[in-house]
Amino acid sequence: MSAAADRARLAAAVATLRAWLREPLERGLIAGSGLSGLAEGLEAPRRLDFAAIPGWPRSTVEGHAGALIAGRLGGRSVLVCAGRAHLYEGYDAFEASFNVRVMAALGLRSLVVTNAAGALHPDYGPGDLMLIEDHIYLPGLAGLHALRGPNDADIGPRFPVMAGAYDPALRARAGAAGREIGLRMHEGVYAMVAGPSFESPAEARFLRAIGADAVGMSTVPEVVVARHAGIQVLGISLITNRVQMANPSVASEEADLHAEVNAVGQQAAPRLAELLTRVLAA
Numbered sequence: 009m010s011a012a013a014d015r016a017r018l019a020a021a022v023a024t025l026r027a028w029l030r031e032p033l034e035r036g037l038i039a040g041s042g043l044s045g046l047a048e049g050l051e052a053p054r055r056l057d058f059a060a061i062p063g064w065p066r067s068t069v070e071g072h073a074g075a076l077i078a079g080r081l082g083g084r085s086v087l088v089c090a091g092r093a094h095l096y097e098g099y100d101a102f103e104a105s106f107n108v109r110v111m112a113a114l115g116l117r118s119l120v121v122t123n124a125a126g127a128l129h130p131d132y133g134p135g136d137l138m139l140i141e142d143h144i145y146l147p148g149l150a151g152l153h154a155l156r157g158p159n160d161a162d163i164g165p166r167f168p169v170m171a172g173a174y175d176p177a178l179r180a181r182a183g184a185a186g187r188e189i190g191l192r193m194h195e196g197v198y199a200m201v202a203g204p205s206f207e208s209p210a211e212a213r214f215l216r217a218i219g220a221d222a223v224g225m226s227t228v229p230e231v232v233v234a235r236h237a238g239i240q241v242l243g244i245s246l247i248t249n250r251v252q253m254a255n256p257s258v259a260s261e262e263a264d265l266h267a268e269v270n271a272v273g274q275q276a277a278p279r280l281a282e283l284l285t286r287v288l289a290a
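Quick note: the sequence shown uses this note's numbering, first residue 9, plus one each step.
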């Protein structure tokens, strides 16, 4: 799709959301796999399916509700994106960050991104939370970058800096809130791969060797676009499984890891929702 067509598609979605939203947008939240229930704590929630928004990429993955939910939390207006577009669904990097492009055009200045991730760090286990302090954007390094193409200088610079992409103050606030409610939390580096296959043991060892603590298939295109637009970002990974680092001695049976991801997400959602309530309402 051409840059002009992308701009027209974005403008149509922004116009629809401007007419639908009843107040200026203060906080944004993107809910990852199995975490769409995070919107349940909103006051006076209103739902708009992705299918009703012109140009908005559809979520095709189980565990993604495929809707925007607007409401209030702690006296602040919040927009929850319950589901996202992934590269492995056939979307390009522009579409995988379309949600944040729209929210940026609506004036958003603070964004929380969540995802389900596999643990590479030996001390991480299912149900733990990792505050993202940095990322490794493997698709971006390979050319599938969210900012590839003409730059809009009215939004941000041609060459944005990614050092400090995950706001230290928001991270500190989330860490303090998590400790208050007894959550098992870490700070670490998130590696994004394109998927849809889960990592081979050799790939997992490579990712760990280059400094990754957890791995998933989303989030970073959204963060890059948010930082390009000057939006503060807090990133939280829910650890749903331990990534296999060693080749099995015999062929293993096919496991439904995505079902496991969704199950852990549903179990952890109430605890994560309590944390996010404290962070978003601050």
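Even for Gly, the Cβ is constructed at its ideal location relative to N, Cα and C.
Which residues DSSP lists as bridging S121, in chain order: One detail in the question is off: residue 121 reads as Val in this sequence, not Ser. Looking at the DSSP assignment, V121 forms a beta bridge with I38, G243.
Among P165, A127, L76, which has the Cα closest to the Cα of R216? A127
Would L224 and N107 qualify as a contact pair, given that the criterion is a beta-carbon distance under 8 angstroms? Residue 224 is actually Gly in this sequence, not Leu. Going by C-beta atoms, G224 is not nearer than 8 angstroms to N107.
Do the region 193-213 and the region 94-110 meet, that is, are 3 or more Cβ pairs less than 8 angstroms apart? yes
Do I239 and V120 have their beta-carbon atoms positioned less than 8 angstroms apart in this structure? no
With DSSP run on the structure shown, which of helix, strand or coil describes A11? helix
Can you tell me the Cα-Cα spacing of R213 and R156, whole angstroms? 29 angstroms
Please name the residue in G151, I140, E207 whose C-alpha comes closest to that of A177. I140
Evaluate contact between the region 158-169 and the region 275-289, counting only Cβ atoms and requiring at least three cross-stretch pairs below 8 angstroms. no
Would you mind stating whether V287 and A182 have Cβ atoms separated by less than 8 angstroms? yes
Could you give the distance in angstroms between the alpha-carbon of A52 and the alpha-carbon of V88? 13 angstroms
For L76, count neighbouring Cβ atoms within 10 angstroms of its own Cβ and tell me buried if that reaches 16, exposed if not. buried
Decide if R17 is buried, meaning its Cβ has at least 16 other Cβ atoms within 10 Å, or exposed. buried
Which listed residue (A210, E188, A222, R192) has its alpha carbon closest to that of A199: A222
Taking DSSP as the reference, what is the three-state secondary structure of N249? strand
Opposite V228 in the DSSP bridges: which residues? V228 pairs with nothing; no bridge assigned.
Tell whether a beta-carbon distance below 8 angstroms holds between V22 and L114. yes
Tell me the rounded alpha-carbon separation between Q274 and G135. 10 angstroms
Own chain, CB closer than 7 angstroms to G49, minus 5 neighbours either side, in chain order: L81, A281, T285
Taking only runs of the beta strand (DSSP E) that begin and end inside the region 110-178, which ones reach a length of at least 3 residues, in chain order? 118-127, 137-145
Per DSSP, which residues does D57 bridge with? Please list them. A75
Give the list of continuous alpha helix (DSSP H) stretches no shorter than 4 residues that lie fully inside the region 78-110. 101-104
I need the straight-line Cα distance from A234 to V269, nearest angstrom please. 26 angstroms
Could you say which of D100, G186, R192 lies nearest to P147 if we only look at CA atoms? D100
Contact check, R109 vs G79 under 8 angstroms by CB: the rounded distance? Going by Cβ atoms, the distance from R109 to G79 rounds to 22 angstroms, so no, they are not a contact pair.
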